[in-house]
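Protein chains in written order, with the working numbering: chain A, -1 to 244; chain B, -1 to 244; chain C, -1 to 244.
The beta carbon of each residue, even a glycine, is placed where N, CA and C say it ideally should be.
From a predicted model like this one, the values you see are computed outputs, not experimental measurements.
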Amino acid sequence: MRLTLAEPSYLKESISIISELVSEAKFTITKDAIELIAMDPANVAMVVFKLFSSCFTEYDIKEDTSIAINLGNLKQVLRRVTANDMLTLELEKNKLKLEFTGSTKRTFHLPILEIEEKEQKVPELTFPVTITCSPSVFTSAIEDADIVAESVTFVVEKGKFMINASGDLSDAAIEIPASDSVKIETGEEVIKSKYSIEYLKKMVAGSKISNEVSIQFNKDYPLKLSFKEVDKVLLSFILAPRVEND
Amino acid sequence: MRLTLAEPSYLKESISIISELVSEAKFTITKDAIELIAMDPANVAMVVFKLFSSCFTEYDIKEDTSIAINLGNLKQVLRRVTANDMLTLELEKNKLKLEFTGSTKRTFHLPILEIEEKEQKVPELTFPVTITCSPSVFTSAIEDADIVAESVTFVVEKGKFMINASGDLSDAAIEIPASDSVKIETGEEVIKSKYSIEYLKKMVAGSKISNEVSIQFNKDYPLKLSFKEVDKVLLSFILAPRVEND
Amino acid sequence: MRLTLAEPSYLKESISIISELVSEAKFTITKDAIELIAMDPANVAMVVFKLFSSCFTEYDIKEDTSIAINLGNLKQVLRRVTANDMLTLELEKNKLKLEFTGSTKRTFHLPILEIEEKEQKVPELTFPVTITCSPSVFTSAIEDADIVAESVTFVVEKGKFMINASGDLSDAAIEIPASDSVKIETGEEVIKSKYSIEYLKKMVAGSKISNEVSIQFNKDYPLKLSFKEVDKVLLSFILAPRVEND
């Protein structure tokens, strides 16, 4: 296996974000993409990451490969990559070899872990609501809510997306109307669901890799946040709802 | 009551500064201004804040109103306001409602506190010394003094303002002569007084709202620091002196 | 003694770097230079600092003088100097007087310490290897190595400088080939030696005073790092090797 990225930033940013939720994970490398599907340790959130082969200047694999890596370590190494470096990934001596080629050549080896875990599968979910907007609008709303509470209620109603949070004494409400830059697809019904702000704050960091986020949810049902660049990268998160007697 | 600010930064910056000295305080809203007069918990410093009605694009009050608020909470909410937001203050359901109107509409409610405290009054003080200068010159002198000691002696003598600090082993002396940008109004006498650096460091943050500070004091007598923009905002601090046997 | 610097930044930056390794030290002031030679408390590293008299706009000493100072205190005072200040050093009342002259005049006095310590001497060392390069290339390599290990092995071989680090499970290798901007002077033999990354990280901060670093070492022998500006300043570090059974 030998994979070369001329622009390593999608990988760098994505791993940095994912490592806040998951500490060890298995990457599957097929002829189409490098893919990671992982649950956070509390089983509340799932991460799905795909870096497509079309991102790579060299993408040479003999067979599908699966390697488990400590994401904290991988993040630390990827932090050292600069915009001028080419990054090559290889397997060598049962380790993952990362080679940075710029004005100097720098090589890192990271141990491959043995993870005895059942294959994660992305659940099939159907969503009556899809909101597409600039990540900054959504991130700002989550940060607003974070001031007053630990969970947030998403409500969609008649072309408006509302984000409400109530603390012991204070509350916050953010109203995002449909507009040229905010698309809200939904039916007639008012749909409402509650999610953890702590998780959402980690997930909105996905805005580093895309200038659009898609937000999908249903009543007391998981939320799906997706950040993507077509043919390049996909980073999505599925977050369990908090039900009222939480 | 309905008050709207097109430029919320005076309120935002002032509350951020005041909250370092006072955690809860009562605002009095009259037809002229929003006003706050409060002592710090150690009874060493008083804050006087006025945001004049001429700052507001909408200033609608039926009668004088007084509301007590936790300044830490208020600061956190005001931090979320951006330069593009209009800020409207209202009373609703016995709470203070803050509405930010920009590309989205964001609404916060903060609880109104019951403070059983006697009305604070600004003491009548007369000062033989008034120094007016750029806040950066004064702030820098306080930071210099902070390296060597916990208190600082202000001295005015023949057109010179001196700031002296002596620690156990080290000392610092800053000399600010009268100049085009530093006005020193005083009599013949040498006047000297000592103040806490810890408090002064919090007070000089007032430089965020004005590009001039006025410094007034007397021998072993309170200090008054004032930051203002005419017809807009006034933030002043009164600080008790430290007497020699402190 | 009266010494005036129109550009105090060499002194400011150097003391800031040295104070990370040594907390108290003796300066020797001769007609040529201010000089400091000191060992770190663990006796692993030596610092040699020289600020030449040609750096000064006024350099008036009657006789060679030696003064011991707490470098942490000196660093704090020098942090307060700005690019527009002239800095004058004098002895006054058995203290070191530092006077900053800019738009205001600021004076600090620092106590002179009594250090009962034998005179430090720079050991005579001979090096078969000298590498000269941009400090950023070298600093970046040390930071790379820091991710995986606590010590680093320097290897010079046939026109290549290699920096290798091995942790329990991960490793890093940086290859710096000779080039227009990297000069490698050495003989035929492969030369290899191991040093502490913790110390190296403090020493590479010397890059603030020079845009070139010289790296000299030998097999299981001390390392010498030198940062200099001709006729102005010299900051060099000697670091004991870590031998294999460390």
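Task: DSSP-derived helix/strand/coil call for ILE174(A) - done: strand
Open item on the list: Between the alpha carbons of TYR8(C) and SER12(B), how many angstroms are there, rounded?
Closed with: 39 Å
Task: Members of the region 61 to 79 of chain B that neighbour chain A once the beta carbon cut-off is set at 7 Å - done: ASN71, GLN74, VAL75 and ARG78
- [ ] Return helix, strand or coil for SER123(A), following the three-state DSSP convention.
- [x] Strictly speaking, residue 123(A) in this sequence is Leu, with Ser absent from that position. Here LEU123(A) sits in coil by DSSP.
Task: Close-in-space but distant-in-sequence residues of the same chain around LYS158(A) (CB under 8 Å, 5 per side omitted) - done: GLU173, ILE174, PRO175, ALA176 and ILE182
Task: First through last residue of the beta strand (DSSP E) which encompasses SER14(B) - done: Element bounds for SER14(B): not the beta strand (DSSP E) but the alpha helix (DSSP H), 7 to 16.
Open item on the list: Just list the residues that DSSP pairs ALA36(A) with in beta bridges.
Closed with: VAL45(A)
Task: N- and C-terminal bounds of the beta strand (DSSP E) containing ILE195(C) - done: Segment 195 to 201 is the alpha helix (DSSP H) holding ILE195(C); no beta strand (DSSP E) there.
Open item on the list: Between which residues of its own chain and ASP244(A) is the CB-CB distance below 8 Å, once the five residues before and five after are set aside?
Closed with: Confidence in ASP244(A) is poor, its pLDDT being 47 and thus under 50, which makes the residue's placement unreliable; the coordinate value appears in the next sentence. Correct list, in chain order: SER149 and LYS192.
Task: Opening and closing residue of the alpha helix (DSSP H) in which ARG77(C) lies - done: 69 to 77
Task: Local Cβ density within 10 Å of LYS29(A), reported as buried at 16 or more and exposed below that - done: exposed
Task: Contact list for ILE174(A) against chain B, beta-carbon separation under 9 Å - done: SER101, THR102 and LYS103
Task: Straight-line Cα distance separating VAL42(B) from SER104(B) - done: For the sequence presented, residue 104(B) should be read as Arg rather than Ser. Using only the alpha carbons, I get a separation of about 38 Å.
Task: Cα-Cα separation, MET84(A) to VAL231(B) - done: 55 Å
TODO: On the DSSP bridge assignment, give the partners of LYS226(C) in chain order.
DONE: LEU232(C)
Open item on the list: Suppose the cutoff is 6 Å on Cβ atoms and the five residues either side in sequence are ignored; what does the same chain contact list for LYS301(C) look like?
Closed with: Residue 301(C) lies beyond the range of chain C shown here (-1 to 244); nothing can be said about it.
TODO: Excluding the 5 residues preceding and the 5 following THR124(A) in the sequence, name in chain order all residues of the same chain whose CB lies nearer than 8 Å to its CB.
DONE: ASN216
Task: Helix, strand or coil at ALA147(A) [DSSP, three-state] - done: coil
TODO: Could you check what DSSP says for LYS158(B) in three-state terms: helix, strand or coil?
DONE: strand
Task: chain B residues whose Cβ lies nearer than 7 Å to that of LEU167(A) - done: PRO109
- [ ] Please check if any C-beta of chain B sits within less than 7 Å of the C-beta of PHE171(A).
- [x] The displayed chain sequence assigns Ala, not Phe, to residue 171(A). So yes, ALA171(A) belongs to the interface.
TODO: For ASN82(B), I'd like the list of residues in its chain whose CB is within less than 6 Å of its CB, leaving aside the five on either flank, ordered along the chain.
DONE: GLY100
Open item on the list: Between which residues of its own chain and PRO38(A) is the CB-CB distance below 6 Å, once the five residues before and five after are set aside?
Closed with: Reading off the sequence, residue 38(A) comes out as Asp, not Pro. Counting only Cβ-Cβ distances below 6 Å, and skipping sequence neighbours, we find LEU19 and VAL20.
Open item on the list: Which residues does DSSP list as the beta-bridge partners of THR63(B)?
Closed with: ILE27(B)
Task: Stretch-stretch touch, CB-based, cutoff 8 Å, three pairs: the region 152 to 171 of chain A with the region 110 to 117 of chain A - done: no
- [ ] State the start and end residues of the unbroken beta strand (DSSP E) segment that holds GLU88(B).
- [x] 84 to 90
Task: Reduced DSSP secondary structure (H/G/I, E/B, other) of PHE136(A) - done: helix
TODO: Have a look at VAL120(B) and ILE207(A) and give me their C-alpha separation to the nearest angstrom.
DONE: 54 Å
Task: Where the region 135 to 146 of chain A meets chain E: residues whose CB sits under 9 Å from a CB there - done: Going by chain labels, chain E is absent from the structure shown, which instead holds the protein chains A, B and C.
Open item on the list: Just to confirm, is the Cβ distance from VAL211(C) to PHE225(C) under 7 Å?
Closed with: yes
Task: Range covered by the beta strand (DSSP E) that runs through PRO109(A) - done: 103 to 109
- [ ] In the DSSP assignment, find the unbroken beta strand (DSSP E) run with ASP247(A) in it and report its ends.
- [x] No answer is possible for residue 247(A): the residues shown for chain A start at -1 and end at 244.
Open item on the list: Is there a C-beta anywhere in chain B that falls below 7 Å from the one on PHE25(C)?
Closed with: no
Open item on the list: Between which two residues does the beta strand (DSSP E) holding ILE213(A) run?
Closed with: 211 to 215
Task: Where GLY185(B) falls, given that 16 or more other Cβ within 10 Å makes a residue buried - done: exposed
Open item on the list: Looking only at its chain, what residues have a beta carbon closer than 7 Å to the beta carbon of THR63(C), apart from the 5 residues adjacent to it on each side?
Closed with: MET(-1) and ILE27
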